Each structure stands twice: as C-alpha cells, then as structure tokens.
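Written below as structure tokens is the structure these notes are about.
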Amino acid sequence: MIFLTDFLRADIVDINQQRVGTVKDLIVRMREPYPIVTAFAIRGGSHLPRTIDWGAVRAGENNELSLNVPTKALREYPRADSETWLSRDILDRQIVDTDGRRVVRVNDLQLQVVNGSLVLIGVDIGTRGLLRRLGLESTGRRMTRVFHRNFPHKIISWDVVDPVRSDQTSVKLRISHRKLGKMHPADIAEIVSQLGSTDRAAIIQGLDAETAAETLEETSDEIQAQILATLDDEQTADILEAMSPDEAADFLGDLPEDRREELIAKMEQEEAEDVTELLTYEDNTAGGLMTTEYVSIPSTLTAEETIAEIRLRAPSAESIYYVYVIDELEHLLGVLSLRDLIVAAPETPITSLMIERVVAVPTDAEPEDVAAVIAKYNLLAIPVVDDEDRIQGIVTIDDAMDTVMPQGMRRRARLL
Amino acid sequence: MTEKRKTDSTSRRPASSLRQKVVSLGERTPSPAAVRKRFSPAPVLRFLAIVGPGIIIANAGNDAGGVFTYSNIGAKYGYSLLWTFIPITISLIVVQEMVGRLGCITGKGLMDLIRERFGVRWTLFVSVVVIIANGGTLLAEFAGVAGALGLLGIPKTLAILSAALLVAIIVMRGNRQLVERVFLALGLAFFSYFVTAFLVPTQWKAVGHSFLVPSLSHPGVAGSAFLIDVIALIGTTITPYMQLYLQSSIVDKGSSRGDLPYVRADIISGAAFSNIVSVFIVITTAATLFPHGLAGIGITSTSAAARALTPLVGIHAQQLFAVGLLGASLLAAAVLPLSTAFVVCEAFGAERSVQRKFSEAPLFFMLFLGLIIITAGVMLLPHISITGVAIGTQTLDGILLPVLLIFIFILANDMSLLGRHRNSLFLNIISFITIAALIALDIVLLMNSL
Numbered sequence: 003m004i005f006l007t008d009f010l011r012a013d014i015v016d017i018n019q020q021r022v023g024t025v026k027d028l029i030v031r032m033r034e035p036y037p038i039v040t041a042f043a044i045r046g047g048s049h050l051p052r053t054i055d056w057g058a059v060r061a062g063e064n065n066e067l068s069l070n071v072p073t074k075a076l077r078e079y080p081r082a083d084s085e086t087w088l089s090r091d092i093l094d095r096q097i098v099d100t101d102g103r104r105v106v107r108v109n110d111l112q113l114q115v116v117n118g119s120l121v122l123i124g125v126d127i128g129t130r131g132l133l134r135r136l137g138l139e140s141t142g143r144r145m146t147r148v149f150h151r152n153f154p155h156k157i158i159s160w161d162v163v164d165p166v167r168s169d170q171t172s173v174k175l176r177i178s179h180r181k182l183g184k185m186h187p188a189d190i191a192e193i194v195s196q197l198g199s200t201d202r203a204a205i206i207q208g209l210d211a212e213t214a215a216e217t218l219e220e221t222s223d224e225i226q227a228q229i230l231a232t233l234d235d236e237q238t239a240d241i242l243e244a245m246s247p248d249e250a251a252d253f254l255g256d257l258p259e260d261r262r263e264e265l266i267a268k269m270e271q272e273e274a275e276d277v278t279e280l281l282t283y284e285d286n287t288a289g290g291l292m293t294t295e296y297v298s299i300p301s302t303l304t305a306e307e308t309i310a311e312i313r314l315r316a317p318s319a320e321s322i323y324y325v326y327v328i329d330e331l332e333h334l335l336g337v338l339s340l341r342d343l344i345v346a347a348p349e350t351p352i353t354s355l356m357i358e359r360v361v362a363v364p365t366d367a368e369p370e371d372v373a374a375v376i377a378k379y380n381l382l383a384i385p386v387v388d389d390e391d392r393i394q395g396i397v398t399i400d401d402a403m404d405t406v407m408p409q410g411m412r413r414r415a416r417l418l
Numbered sequence: 063m064t065e066k067r068k069t070d071s072t073s074r075r076p077a078s079s080l081r082q083k084v085v086s087l088g089e090r091t092p093s094p095a096a097v098r099k100r101f102s103p104a105p106v107l108r109f110l111a112i113v114g115p116g117i118i119i120a121n122a123g124n125d126a127g128g129v130f131t132y133s134n135i136g137a138k139y140g141y142s143l144l145w146t147f148i149p150i151t152i153s154l155i156v157v158q159e160m161v162g163r164l165g166c167i168t169g170k171g172l173m174d175l176i177r178e179r180f181g182v183r184w185t186l187f188v189s190v191v192v193i194i195a196n197g198g199t200l201l202a203e204f205a206g207v208a209g210a211l212g213l214l215g216i217p218k219t220l221a222i223l224s225a226a227l228l229v230a231i232i233v234m235r236g237n238r239q240l241v242e243r244v245f246l247a248l249g250l251a252f253f254s255y256f257v258t259a260f261l262v263p264t265q266w267k268a269v270g271h272s273f274l275v276p277s278l279s280h281p282g283v284a285g286s287a288f289l290i291d292v293i294a295l296i297g298t299t300i301t302p303y304m305q306l307y308l309q310s311s312i313v314d315k316g317s318s319r320g321d322l323p324y325v326r327a328d329i330i331s332g333a334a335f336s337n338i339v340s341v342f343i344v345i346t347t348a349a350t351l352f353p354h355g356l357a358g359i360g361i362t363s364t365s366a367a368a369r370a371l372t373p374l375v376g377i378h379a380q381q382l383f384a385v386g387l388l389g390a391s392l393l394a395a396a397v398l399p400l401s402t403a404f405v406v407c408e409a410f411g412a413e414r415s416v417q418r419k420f421s422e423a424p425l426f427f428m429l430f431l432g433l434i435i436i437t438a439g440v441m442l443l444p445h446i447s448i449t450g451v452a453i454g455t456q457t458l459d460g461i462l463l464p465v466l467l468i469f470i471f472i473l474a475n476d477m478s479l480l481g482r483h484r485n486s487l488f489l490n491i492i493s494f495i496t497i498a499a500l501i502a503l504d505i506v507l508l509m510n511s512l
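So the sequences go chain by chain: E and D. Under the numbering used here, the first residue of the first sequence is numbered 3, with each subsequent residue one higher. Under the numbering used here, the first residue of the second sequence is numbered 63, with each subsequent residue one higher.
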C-alpha cells in the first residue's frame with residue numbers, strides 16, 4: 003500500500019543521481035471518481051521551481067523520488083485554480099464519510115498507481131495511520147503482534163468521502179457536494195451539526211436549495227439561524243421558499259422585525275404570503291406548528307376530478323394523504339383519505355365519500371394536546387381551524403412528534 | 063369501502079360533540095387575540111446572547127487554585143504584588159482576544175486548528191501538555207472540594223469520592239446547564255471579599271502605592287519560592303484550559319465574523335471583572351492575614367484562608383468560604399474532564415460524545431474517566447497538603463502555559479487562516495512580551511532550583 007506519508011519528506015534525486023530537495027506536497031486534479039496526482043511541490047533551494055510536473059517522475063520508492071530529467075531542465079508547473087494540495091488541503095482536515103454518515107479526520111491518504119498514473123483512492127482514518135505519521139507504524143505492528151491481535155488499516159474509499167472546505171485560502175476548491183447531496187437530509191443535518199460554523203455554511207452552500215432547505219429543517223433552531231446568517235439574502239430567500247412554510251415562519255419569527263421583512267420581501271409572493279400568515283400565530287400553539295401546504299377541494303368535485311386536482315397541486319403540499327373538503331368560505335365540511343379516493347368509482351361525488359365528522363384543533367391549541375389528539379385518532383395530520391371552523395392549515399404527525407419527543411431521544415435516534 | 067365508512071360512522075360519536083370536545087382542548091389557555099405580535103429581540107439581547115462565555119469562564123477562573131493562590135499572595139506578601147495584576151490582566155485580555163478571534167473567524171476549536179496547521183506530531187505534543195495542565199487544574203479542584211467540605215466537618219475520603227462520582231454522573235447523565243448554574247451561584251459567595259475589604263482596616267494608600275510603584279520585595283521568602291508564587295499567580299489567571307474552553311464555547315455558539323465586537327466586549331469585561339475579584343481577594347487577605355503572622359509564610363491550611371472573611375461574618379467565615387470554594391471547585395471540575403477529553407478526541411478524529419457507549423468511543427471515555435480517577439486518587443493519598451496541591455498545580459499551569467501561547471500566537475498571525483483579521487503589530491508586541499516573560503520566569507526558576 004502506498005500512502006501520502008511515504009512521499010512527504012522523500013528525497014528527490016534527478017537523472018544524474020544529484021539530490022534536488024525533498025517532497026513538500028503532492029498536487030492533484032480533482033476528478034471523478036479518483037483525483038489524479040499531476041505535480042509535486044518541492045522543498046529545496048530558491049533557484050528551483052516550487053512545483054514540478056508529475057511527468058518528470060521516473061520512480062518513487064524507499065523514500066526516494068527519482069526524476070527522469072536533470073535538475074536544470076526542471077520547469078515550474080503552471081498553477082491552476084482547480085488544483086488541490088494533498089497535505090495542505092486534505093491531510094489532517096475533517097471530511098465527511100458519506101457511507102458511515104459521520105465526520106472523520108484524515109490521518110493519511112492512500113494512493114495507487116492506475117494505468118501508469120498515481121491516483122488518490124482512499125482516506126486512512128485509523129490509529130494505524132496516526133502511528134504512521136508519527137513514524138511508529140512498525141512499533142505498533144510489533145505491539146499488536148505481542149498481544150496476538152491484527153493491526154487493521156481503517157481506510158474509507160475516496161469515492162464515498164466528501165471534503166469539507168470553506169473558501170478561506172487563496173486556492174478555491176469548488177466542491178459540488180454531489181455525494182453529500184445524495185444522503186438523506188436528516189443525515190446531512192447530523193453531519194453539519196458536528197462541524198464548525200464556516201464548514202457548515204460551506205456544506206449548505208454546496209447543496210441545491212431544495213436539499214439545503216430539507217437539511218436545515220432537520221437541524222436545531224440555533225444551527226439553522228447560524229447557517230442562514232452566513233448566507234447572502236438571495237440564497238437565504240431561495241432556501242426559505244423551499245422550506246415548508248411552518249419551518250420558514252419559525253425561523254423568521256426569531257429574527258428582528260426589520261430583518262424579517264427584508265427577507266420576506268425577497269421571497270416569491272406565494273411563499274411570502276404563506277409565511278406571513280403563519281407568522282401571526284403564537285409559537286407554542288397549533289397555529290405556530292401548522293403548515294399551510296395541504297390539499298383542500300371544493301365539495302362539488304367528483305373522485306376523478308379530485309385526483310386530477312391533487313396531481314396538479316400535490317408537488318407543493320406537505321401531506322396529501324388527507325384531502326380536505328371545504329365550501330367557498332373555507333369552512334371545513336369533511337375529509338377523505340387518499341385511499342378512499344383511489345378505490346372509489348371515478349364519478350362518485352366527493353360529498354358521498356367524505357367523512358363529515360372531522361377531528362380538528364383550534365389554532366391556539368397546545369402542541370401536547372395536538373399530539374395527543376393525533377395519537378388518539380391515529381391520524382397522519384390534523385386540520386387546524388379558526389373560531390368559525392375555517393381551515394387554516396394542518397399539523398403533520400412528524401411536526402407534532404418533534405414537540406413532544408424529548409430532546410435526548412431525538413439525539414439517540416442516530417444510534418438506531 | 064362502504065363497510066369501512068359504516069364502521070367509521072358507528073364507532074364515532076356524533077360529529078358535533080366530538081368536534082366540540084377536541085376543539086375545547088385548546089381553550090384551556092384563553093388567548094385574548096388570535097393574532098399576537100411575535101417577540102423581536104433588540105440588539106441588547108443579541109449582545110446578551112453572545113456575552114456569556116467570557117464572563118462565565120472568567121468566573122470559573124476564580125476556582126480553587128485561584129482562590130488559594132490569591133489568598134496566599136495576599137497573606138504572604140501583603141499589598142506588594144498587587145501591581146502585577148495590571149500586566150497580567152492586559153496579557154489575559156490579549157491572549158483571550160486572539161483565541162476569541164480565532165474561534166469567530168475560523169469556526170473551529172483551538173486543537174482543531176493546531177491539528178490542521180501543524181500536523182499529528184505537534185498535536186500529540188500539545189495534547190500531552192493540555193492533559194497534564196488540565197489534570198493539574200482538576201487536581202486543584204478536588205483539593206478545593208476536600209478543603210471546603212473539610213471546613214464543614216466532612217472527612218476527605220468521603221468528600222473526594224462523592225465529588226468524583228457527582229462530576230461523572232453530571233456529565234454522563236445530568237442536566238448540565240442547571241448544575242452549572244447552581245455551582246456558579248454558590249461561587250458567588252466569593253463576592254463577600256468585596257465587602258470584607260471595606261470592613262477591615264485596609265490601608266488604601268498602600269494599595270494605591272503598590273499599583274503605581276512595582277516592587278519585587280519579598281521579605282523572608284527565598285528567591286525560588288518567590289518565583290514559584292509569581293508563576294502560580296500568572297498560571298491561575300491565564301489558565302491553559304480556559305483558552306481551549308473559551309474558543310470551543312465561542313465555536314459552539316456559532317459566533318461569526320460579525321459577532322467579533324461583542325465577543326471582544328465580553329472578553330474584556332469578563333477578564334477585567336474576574337481580575338477585580340482576584341485583586342479584592344489579595345487586598346482582603348493582605349489586610350487580615352498578612353499582619354497576623356502569615357507574612358512570608360502564606361496559606362498553609364484551608365481554615366487559614368477562610369479566616370480572611372471573619373471580619374464580615376464572624377464565626378461563620380469558615381462556612382461562607384466553604385460554600386464559595388465548593389461551588390467554584392465543582393463548577394470547574396464539572397467542565398474540565400469533559401472538555402479535555404473532547405478537544406483531544408476532536409483533534410485525533412476519535413468518536414466523542416457522552417451519548418456513546420464505551421466501546422464506541424474508547425479514547426473519549428478513557429481520557430474523561432481516567433482524568434477523574436487519577437486526580438481523585440492522588441487527592442486520596444494520606445498526608446497530602448490541600449493548599450500545597452492547590453497552589454502547586456497553578457505553578458505547573460504557569461510553566462506549561464507558554465507552550466499553548468506560542469501556538470495561539472502563530473495561529474493568530476496566520477494569513478491564510480485569518481486574512482485581514484490576523485494580529486496587529488501592537489497585539490504581537492504584547493503577546494510576545496507575555497510569552498517571553500513567562501519563558502524567562504521558567505528559565506530563572508529552573509536555574510534557581512538547580
């Protein structure tokens with residue numbers, strides 16, 4: 003196995019066996035699935051180029067990198083924005099292991115020769131990598147042999163890691179967070195909360211607005227506020243639009259009035275209206291908990307027309323398992339489940355399908371009571387009505403659960 | 063389908079009553095207006111939200127080691143060393159400002175930055191230094207607990223064992239915020255030094271003189287003993303663990319670039335405030351203990367230190383001192399082992415969380431429990447001097463401090479890390495003088511003791 007540590011500090015000798023200097027770093031070009039080593043940085047006299055093309059390397063073994071050209075012929079390798087220095091930019095940093103869904107630290111990097119070029123294939127995150135860095139790998143091996151244990155490498159493949167990197171240094175690394183973006187938002191949220199504030203922002207910025215919004219919904223209110231504070235207003239507004247209105251309203255509600263209005267003004271009109279409406283409710287009530295994204299239909303429709311209506315509107319609705327039937331003044335007349343709707347004959351009028359005894363809560367109901375009602379009637383969502391039985395929104399079971407589930411239990415859920 | 067609807071309608075009560083029942087659930091909390099304005103925090107509240115780490119940490123700085131060291135300085139040297147608080151406070155502010163700035167701009171902990179900037183070898187070195195220094199500080203806290211409970215008539219073995227158990231339980235299971243507040247409140251008993259200083263015949267002229275005219279006089283004290291006391295004074299005021307903890311808590315709070323002015327204000331007010339408390343401890347003990355036989359000898363027992371509060375509360379001085387000492391010691395003891403284990407594990411990328419099982423985070427639990435068991439074990443040794451341990455460990459902190467300061471200094475000058483927020487020349491001069499002075503003191507001490 004070849005590791006970055008084997009190269010760092012290796013002596014460089016030219017074609018005439020003249021010592022040139024030592025290797026300072028390896029430079030890679032980011033590429034899918036494995037980055038390729040394109041050059042190396044050199045520690046030596048001031049007359050030498052600082053970086054040299056990897057093409058000048060003939061062989062590298064036994065702590066020696068031999069070149070296929072004389073020292074005089076060495077030329078500076080042209081710098082590119084997309085280049086990454088392995089030791090400077092990746093070694094010792096935190097990276098995201100998208101397979102294990104956790105944040106780990108890079109102890110060493112594993113390289114391999116593939117088709118004549120050196121590529122980065124893995125990240126060593128284990129004790130063995132640490133000992134190698136300290137020059138104690140063989141001591142460790144001897145120790146484990148004494149205790150009749152094996153001394154495993156703990157390496158994760160490069161194609162499942164996602165480097166976390168904020169744009170602090172001059173070299174800008176554009177990381178798409180493609181791999182991270184494929185993870186479940188709840189897992190991304192878990193990872194984000196383990197990182198420092200600038201790294202958090204860097205990750206969120208690399209995600210599309212939709213994923214970023216879902217991730218933020220899963221993080222704690224404090225982390226959510228922190229991350230959004232580091233983004234510019236346009237980005238924040240885009241993410242707020244993509245968030246469910248109740249979450250967006252929660253966030254906006256904690257902001258100072260002028261800041262809140264600034265952000266709402268930058269949002270699309272439809273989302274802005276939803277959020278503004280939700281902002282009028284107290285935090286700790288059914289109104290503060292509910293979302294305005296639900297499916298409601300007039301009582302005049304048939305089953306078939308209703309399904310067509312859901313197809314049209316469902317993309318923005320948080321929950322479509324219940325369809326609420328309302329009159330022209332938004333009074334709640336009845337409810338039917340998606341199941342009722344699908345199994346019904348197409349031309350059946352909605353009024354004969356719906357259940358008229360709707361279980362609902364008032365806007366000022368306490369979250370614990372809302373959760374209790376949802377649990378009692380085995381519902382997936384419950385409508386929230388005003389004093390005159392007009393539907394204002396729905397509280398979904400997951401939002402209700404969050405309010406009654408103790409903080410510790412939510413954290414422990416990670417272990418499952 | 064129809065079947066189901068039938069069950070629905072038969073199993074449920076009449077619509078009106080059901081709706082009534084459910085709707086009435088919320089009516090327990092009558093709200094006069096459906097539309098209520100949301101609370102909007104003013105800038106003042108924003109300040110208060112960020113302020114905190116500095117002041118809390120500064121207060122935690124007046125822990126067992128601090129109280130004993132300051133009492134010792136007052137009792138042994140009278141007012142003559144008060145002037146040292148001026149340069150020490152300036153250094154403390156400069157050091158903490160660097161740490162706070164690093165936290166705000168990079169969003170990373172100090173050990174993280176050391177790992178990323180200096181690699182594995184240096185990280186290991188700093189980790190060992192940090193573990194020794196923090197272990198020493200924790201030892202002082204257990205000494206404080208033993209001393210405090212000793213004044214209340216509780217035997218040392220019982221005191222140490224229950225404190226160690228309490229700390230482990232709080233961290234693993236308890237509501238830390240609540241517990242920390244209780245300890246902090248107990249620690250407020252030390253404010254009684256403020257009042258006491260005005261009740262006793264303090265020679266304010268001598269106090270003023272000491273601040274204006276630095277003196278290095280140490281009647282009846284050997285040169286190396288004097289050096290040890292001064293290093294302890296610095297080590298207890300600018301504790302290594304405080305710097306790590308400060309940066310971690312700033313990062314945890316998510317303070318960023320924009321919060322820098324608030325963070326600075328918090329650090330300056332916290333440092334100034336805590337050192338004023340320290341100064342009053344020295345003044346009080348200088349006025350009460352110094353003239354009564356402790357000059358040149360210093361504090362040799364907990365009850366001797368407690369006697370400084372006699373003018374305020376008479377025979378209850380022992381109890382008052384015990385309460386303050388207990389709170390201050392437990393506050394720091396509850397934070398120290400956890401934060402030490404956390405920063406070290408973070409630097410090495412090891413699993414770290416009290417939510418994990420032992421087998422999932424072995425390094426974390428070994429460090430955390432190891433620190434508690436070893437330090438508590440040392441305190442259980444027979445004939446160990448409580449004041450000796452409390453003050454001696456502060457000297458150890460002072461000796462190890464420059465190591466950490468050098469790393470902070472280099473990081474705070476790093477262009478790629480801080481950009482335009484890196485150290486100014488002025489800050490560099492002060493931090494350089496601080497480090498150089500500490501190293502010089504260490505070297506002189508070393509040469510003196512050879």
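The beta-carbon is built from N, C-alpha and C at its ideal position, and this holds for glycine as well. Every value quoted in this text rests on a predicted model; they were computed, and no experiment measured them.
(1) Any residues in the segment 213-227 of chain E with a beta carbon nearer than 9 angstroms to a beta carbon of chain D? Which ones, in chain order?
(2) Under 8 angstroms by Cβ, that's how I've got Pro51/E and Thr86/E pegged, so tell me the actual separation to the nearest angstrom.
(3) Nearest to Ala75/E by CA position, among Glu63/E, Ala58/E, Leu88/E and Gly62/E, is which residue?
(4) From Ala225/D to Ser391/D, what distance separates their C-alpha atoms?
(5) Would you say Ser140/E lies against chain D (beta-carbon separation less than 7 angstroms)?
(6) Applying the 10 Å Cβ sphere with the 16-neighbour rule, what's the burial state of Phe420/D?
(7) Starting from the beta carbon of Val440/D, find every residue of chain E whose beta carbon is closer than 7 angstroms, and list them in chain order.
(8) For Gln30/E and Leu113/E, what's the separation of their Cα atoms in angstroms?
(9) Excluding the 5 residues flanking Asp388/E on each side, which residues of the same chain have their C-beta closer than 7 angstroms to its C-beta?
(10) Excluding the 5 residues preceding and the 5 following Gly358/D in the sequence, name in chain order all residues of the same chain whose CB lies nearer than 7 angstroms to its CB.
(11) Tell me the start and end of each unbroken beta strand (DSSP E) in the segment 363-398 of chain D that is at least 3 residues and wholly inside, in chain order.
(12) By a C-beta neighbour count over all protein chains shown, 10 Å radius and 16 as the cutoff for buried, is Met407/E buried or exposed?
(13) Which bits of chain D does Arg130/E rub up against, with CB to CB less than 9 angstroms?
(14) Taking the alpha carbon of Leu351/D as the point to measure from, which residue in Met477/D, Leu431/D, Thr264/D and Ser331/D has its own alpha carbon closest?
(15) Do you know how far the Cα of Arg103/E is from the Cα of Phe427/D?
(16) Using a Cβ-Cβ cut-off of less than 9 angstroms, give me the residues of the segment 94-109 of chain E that come near chain D, in sequence order.
(17) Tell me, please, whether the segment 139-154 of chain D touches the segment 307-317 of chain D by the rule of three or more beta-carbon pairs shorter than 8 angstroms.
(18) Under 7 angstroms, Cβ to Cβ, is there at least one residue of chain E near Arg177/D?
(19) Could you check whether the Cβ of Val191/D sits closer than 7 angstroms to any Cβ belonging to chain E?
(20) Considering only their Cβ atoms, is the gap separating Asp101/E from Asp126/E smaller than 7 angstroms?
(21) Have a look at the DSSP bridge pairing and note the partners of Tyr326/E.
(22) Quick check: Thr73/E and Asp16/E, are their CB atoms within less than 7 angstroms of each other?
(23) With which residues is Gln112/E paired in a DSSP beta bridge?
(24) Could you tell me the alpha carbon to alpha carbon distance between Thr91/D and Asp371/E, rounded to whole angstroms?
(25) Of the choices Thr308/E, Ser321/E, Asn380/E and Asp401/E, whose alpha-carbon is the least far from that of Leu355/E?
(26) Find the residues of chain D that neighbour Arg143/E, judging by a C-beta separation of less than 8 angstroms, and give them in chain order.
(27) Any contact between the segment 233-253 of chain E and the segment 336-348 of chain D? By contact I mean 3 or more CB pairs, one from each, below 8 angstroms.
(28) The alpha helix (DSSP H) that contains Pro424/D, what's its start and end?
(29) Starting from the Cα of Ser142/D, find the closest Cα among Ile436/D, Leu274/D and Ala498/D and give me that residue.
(30) Span of the alpha helix (DSSP H) holding Pro187/E?
(31) Provide the residue(s) that pair with Phe42/E in DSSP beta bridges, ordered along the chain.
(32) What distance in whole Å lies between the Cβ atoms of Glu220/E and Ala473/E, which are believed to be in contact at a cut-off of 8 angstroms?
(33) Could one say the Cβ of Val84/D lies closer than 7 angstroms to chain E's Cβ atoms, at least one of them?
(34) Should Arg21/E go down as buried or exposed, given a rule of 16 or more other Cβ atoms within 10 Å for buried?
(35) For the segment 310-321 of chain D, list every residue whose C-beta sits within 7 angstroms of some C-beta in chain E, in sequence order.
(36) If the cut is a Cβ gap below 9 angstroms, which residues of chain D does Ala231/E touch?
In this structure, then:
(1) Glu224, Ile225 and Ala227
(2) At roughly 19 angstroms, the Cβ-Cβ gap does not stay under 8 angstroms, so Pro51/E and Thr86/E are not in contact.
(3) Among Glu63/E, Ala58/E, Leu88/E and Gly62/E, the Cα nearest to that of Ala75/E belongs to Ala58/E.
(4) 10 angstroms
(5) no
(6) exposed
(7) Those within 7 angstroms of Val440/D in chain E number zero; the least Cβ separation is about 28 angstroms.
(8) The displayed chain sequence assigns Val, not Gln, to residue 30/E. Cα to Cα, the separation comes out at about 11 angstroms.
(9) The answer, listed in chain order, is Thr365 and Gln394.
(10) Lys138, Pro281, Gly282 and Val283
(11) Here no run is fully enclosed.
(12) exposed
(13) Those within 9 angstroms of Arg130/E in chain D number zero; the least Cβ separation is about 12 angstroms.
(14) Thr264/D
(15) 22 angstroms
(16) Asp94, Arg95, Gln96, Arg104, Val105, Val106, Arg107, Val108 and Asn109
(17) no
(18) Taking 7 angstroms as the threshold, the shortest C-beta distance from Arg177/D to chain E falls below it.
(19) no
(20) no
(21) Ser298/E and Val337/E
(22) yes
(23) Phe5/E and Gly124/E
(24) Bear in mind that the predicted position of Thr91/D carries a pLDDT of just 32, short of 50, making it unreliable; the figure below should be weighed with that in mind. The C-alpha of Thr91/D lies about 11 angstroms from the C-alpha of Asp371/E.
(25) Thr308/E
(26) None at all; the shortest Cβ gap to chain D is about 18 angstroms.
(27) no
(28) Pro424 to Leu442
(29) Leu274/D
(30) Pro187 to Val194
(31) Leu28/E and Ile54/E
(32) Limits of chain E in this structure are 3 at one end and 418 at the other, which puts residue 473/E out of reach.
(33) Note that Val84/D scores a pLDDT of 40, beneath 50, so its modelled location is shaky; the value from the coordinates is reported in the next line. For Val84/D, the answer is yes, since a Cβ of chain E falls inside 7 angstroms of its Cβ.
(34) exposed
(35) Val313, Gly316 and Ser318
(36) Gly316, Ser318 and Gly320
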